[in-house]
Every structure is written in structure tokens, then in C-alpha cells.
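To convert, note that position 277 of the sequence shown is 277 in the UniProt record's numbering; the numbers rise steadily by one, no gaps.
To start, the structure itself, in C-alpha cells.
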Amino acid sequence: MSETYEVRDTVILGSGCSGLTAAIYAARANLKPLVLEGHEPGGQLSITTLVENFPGWPDGVQGPELIENMKKQATRFGAELRMAHLTSADLTRSPFELRIGKDIILARTLIIASGASARWLGLPSEKALVGFGVSSCATCDGFFASGKEIAVIGGGDSAMEEALFLTRFATKVTLINRSENFRASRIMLERAIAHPQIEFLHNTVVEEVVGVEEKEVRGLKLLNRKTGERSELPVSFMFLGIGHDPNATMFEGQIDLDSDGYVKTEHNVFVTRQGVQLHGVYACGDVQDRRYRQAITAAGTGCMAALEVEKYLEEVGR
Numbered sequence: 001m002s003e004t005y006e007v008r009d010t011v012i013l014g015s016g017c018s019g020l021t022a023a024i025y026a027a028r029a030n031l032k033p034l035v036l037e038g039h040e041p042g043g044q045l046s047i048t049t050l051v052e053n054f055p056g057w058p059d060g061v062q063g064p065e066l067i068e069n070m071k072k073q074a075t076r077f078g079a080e081l082r083m084a085h086l087t088s089a090d091l092t093r094s095p096f097e098l099r100i101g102k103d104i105i106l107a108r109t110l111i112i113a114s115g116a117s118a119r120w121l122g123l124p125s126e127k128a129l130v131g132f133g134v135s136s137c138a139t140c141d142g143f144f145a146s147g148k149e150i151a152v153i154g155g156g157d158s159a160m161e162e163a164l165f166l167t168r169f170a171t172k173v174t175l176i177n178r179s180e181n182f183r184a185s186r187i188m189l190e191r192a193i194a195h196p197q198i199e200f201l202h203n204t205v206v207e208e209v210v211g212v213e214e215k216e217v218r219g220l221k222l223l224n225r226k227t228g229e230r231s232e233l234p235v236s237f238m239f240l241g242i243g244h245d246p247n248a249t250m251f252e253g254q255i256d257l258d259s260d261g262y263v264k265t266e267h268n269v270f271v272t273r274q275g276v277q278l279h280g281v282y283a284c285g286d287v288q289d290r291r292y293r294q295a296i297t298a299a300g301t302g303c304m305a306a307l308e309v310e311k312y313l314e315e316v317g318r
């Protein structure tokens with residue numbers, strides 16, 4: 001089968017909150033953007049239940065519903081959504097060459113909105129209860145843990161931050177770490193140790209999340225890696241604090257990434273290569289945001305990226 005080519009003014013990688021916001025703005029500018037939905041269509045909102053902190057929804061909105069509405073809004077203005085996964089990219093060429101299987105797309109501008117994937121334990125029971133008491137976002141779901149005993153998994157700064165934040169809601173937070181050593185900075189660890197609502201379990205791993213049949217977390221089956229002892233911890237929520245993996249590995253060596261693989265940006269969305277702005281390439285959302293990772297901040301940078309694309313194309317005469 002021969003290769004097929006198509007040329008686009010704007011290609012957006014990712015269909016989460018940032019990518020779809022960029023698509024809405026780019027489509028309204030009559031740029032007819034192509035949105036490649038990627039390996040996780042809809043991003044992390046697609047596996048979230050009730051979202052209560054997105055402006056304009058006083059009673060909250062289901063994550064998949066919010067994403068679906070954004071897709072409808074983008075396509076209404078002329079965006080094209082395609083179920084496809086980028087296999088390789090060449091950003092040294094102009095226009096940029098994006099390969100999707102045997103198809104090649106030549107893009108005059110590129111918006112990287114491929115997000116970051118939360119790290120999970122990989123348990124079937126954990127996967128079954130995502131959105132039903134298993135969460136990777138304390139800011140998103142902490143309120144639902146009000147008055148309950150919960151667990152946080154991890155030993156780094158992310159876990160400490162999540163545990164400390166969740167003490168605002170939970171009556172007790174058990175922080176479960178797989179070893180005796182912590183990757184967290186001393187100051188964050190000391191804050192967590194000093195907090196009266198946080199308890200620690202060392203050398204412990206989760207073997208199973210209890211409550212799949214009931215569709216709500218009832219507890220955790222634990223294994224002490226040092227003693228071999230098994231136990232069950234009754235909790236109503238399990239929060240993962242073991243970090244995120246930005247979906248930018250396909251651009252390694254072509255654009256500037258930080259030590260954890262997040263896209264480095266200047267002035268919010270401008271992508272650089274060896275410290276110099278790479279014209280026509282922009283990044284938005286969680287792929288370049290290790291700090292906030294909220295739907296509204298992702299949407300904001302998606303708007304910025306699309307406005308910059310519009311401005312750039314006008315400058316080069318497209």
C-alpha cells in the first residue's frame with residue numbers, strides 16, 4: 001500500500017480539555033484544524049466522574065459529558081476529529097511531517113496537547129474502580145472524601161502534597177509507601193509526619209482494591225514486603241500519588257523536554273529547541289504543566305496556543 005499525503009494548516013495532537021479548546025478557537029478562526037484523538041481520547045476527563053470545579057456548571061458535570069460537549073462545539077465550527085495515534089514526527093522539516101501508520105500529514109503548525117498519563121498500580125480492581133473511589137487527582141476528587149478514612153499511595157513529593165491536601169476533607173489519611181525510604185524532599189516529608197491526621201505504612205504494597213462488586217472502594221488488601229504479612233485496610237478512597245508520565249516521548253531530541261519529559265515552554269505555550277523558539281509549534285495542557293493539571297488551566301493554555309497559531313499563520317501569509 002502506497003503512502004498518502006495531506007497538507008493541513010493546523011494539526012492538534014490530543015483531544016482532552018486543552019486540545020479541544022484549541023480546536024474550538026482554531027475552527028472559529030476558519031483554520032479547519034485536524035484533531036488527532038490519540039491513544040486516550042478525551043484525556044483524563046474521559047475517565048472522571050463528577051467535575052464540580054469547571055466554571056459554568058453549578059451542579060457539576062460528568063467528565064465524559066464535558067468532553068463530548070467540547071467535541072460537538074469544535075466540530076460545529078469546522079474542526080475534524082480523527083481516531084488516530086501519532087507514530088512518528090519530523091519537526092526539522094517545513095511543513096512538519098507527521099506519520100500516522102502509512103499516512104503522512106504535512107502540518108504548517110502543530111499544537112501538542114497530548115497530555116500526561118497518571119501512573120497506576122496496574123491492578124484490575126484498581127482499574128474497575130477509577131471514578132468510584134480510586135483517583136489520581138486530589139484537587140479534583142478530594143471533596144468527595146469528606147468525613148472518610150482514605151489512603152494515598154506513594155513516597156515522593158506528589159504523595160506528600162496529596163496527603164496534606166486531603167487532610168482538609170478526610171478524617172484520616174494513611175500514606176502507603178513500598179519501601180522504608182522516601183523520594184520526597186525533607187521539608188515535605190516532615191510536614192506529613194508532623195500532621196496528626198496522617199499515618200504511614202512502610203514496606204507495603206496494595207495487592208487488591210476491595211469493592212469492585214459494590215462499585216465503591218471498601219478497603220485495600222495489603223502486603224508487607226519485609227515481613228510477608230497480609231492485612232486489609234478499611235478505607236473509602238484510594239488516591240494515587242506516584243506521578244504522571246507526559247506523553248511527549250515521540251518528540252525527544254526534536255524539542256526541549258525537562259528531566260521528567262514535560263515539554264518546556266516559554267510564555268506559556270511557545271515550544272523551544274535548544275533554547276530557541278521553534279516557530280509554528282506550541283504546547284498546551286498537561287504535557288507541559290506539571291504543577292496545576294486542572295481542566296480549566298488546560299483549557300486556558302489551549303486557547304493561548306490556538307491564538308498563537310492564528311497569529312503565526314497570518315504573519316507567514318497563510
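The beta carbon of each residue, even a glycine, is placed where N, CA and C say it ideally should be.
Fair warning: this is a prediction, and the values are worked out from it, not measured in the lab.
1. For the alpha helix (DSSP H) holding Gln73, just list the boundary residues, first then last.
2. Please classify Ala194 as buried or exposed, where buried requires at least 16 neighbouring CB atoms within 10 angstroms.
3. For Ser117 and Glu216, I'd like the C-alpha separation in whole angstroms.
4. With three or more C-beta pairs closer than 8 Å as the rule, is the region 134-154 touching the region 170-180?
5. Within 10 angstroms of the Cβ of Arg108, are there 16 or more other Cβ atoms? Answer buried if so, exposed if not.
6. With a threshold of 16 other CB atoms inside 10 Å of the CB of Arg8, please say whether the residue is buried or exposed.
7. Give the single residue among Glu266, Gly261, Asp286 whose Cα lies nearest to the Cα of Gln277.
8. My output table needs one value for Thr301: the three-state DSSP class, helix, strand or coil.
9. What's the call for Gly317, buried or exposed, on a 16-neighbour Cβ count within 10 Å?
10. How far does the alpha helix (DSSP H) with Met160 in it extend, from its first residue to its last?
11. Taking only three categories from DSSP, how would you classify Gly43?
12. What residues match up with Ser18 in a beta bridge as DSSP calls it?
13. What does residue 333 pair with, by DSSP beta-bridge criteria?
14. Please report how far the alpha carbon of Met1 lies from the alpha carbon of Ser236, in whole angstroms.
15. Pairing CB atoms from the region 36-56 with CB atoms from the region 87-97, are three or more of them under 8 Å?
16. Per the DSSP calculation, Ile150 is bridged to which residue(s)?
17. Could you give the first and the last residue of the continuous alpha helix (DSSP H) run that contains Arg191?
18. Please report the distance separating the alpha-carbon of Ala27 from that of Ser15.
19. Nearest CA to the CA of Ala283: which residue from Gly300, Ala305, Thr297, Asn224?
20. Let me know if residue 397 comes out buried or exposed under the rule of 16 or more other beta-carbons within 10 Å of its beta-carbon.
21. Got a sec? Which residues, its chain only, sit under 6 Å from Gly78 by beta carbon, not counting five neighbours each side?
22. In the DSSP assignment, find the unbroken alpha helix (DSSP H) run with Ala138 in it and report its ends.
Well, looking at it:
1. 63-76
2. exposed
3. 23 Å
4. yes
5. buried
6. buried
7. Glu266
8. helix
9. exposed
10. 157-166
11. helix
12. Partner(s): none; Ser18 has no beta bridge.
13. Outside the displayed span of the chain (1 to 318) sits residue 333, for which this structure offers no information.
14. Because the pLDDT at Met1 is just 48, under 50, the model does not fix this residue reliably, and the value given afterwards should be weighed accordingly. When rounded, the distance between both Cα atoms is 53 Å.
15. no
16. Val173, Phe237
17. 186-194
18. 14 Å
19. Ala305
20. Since the first residue of the chain shown is 1 and the last is 318, residue 397 is not available in this structure.
21. Ala27, Lys32
22. 138-141
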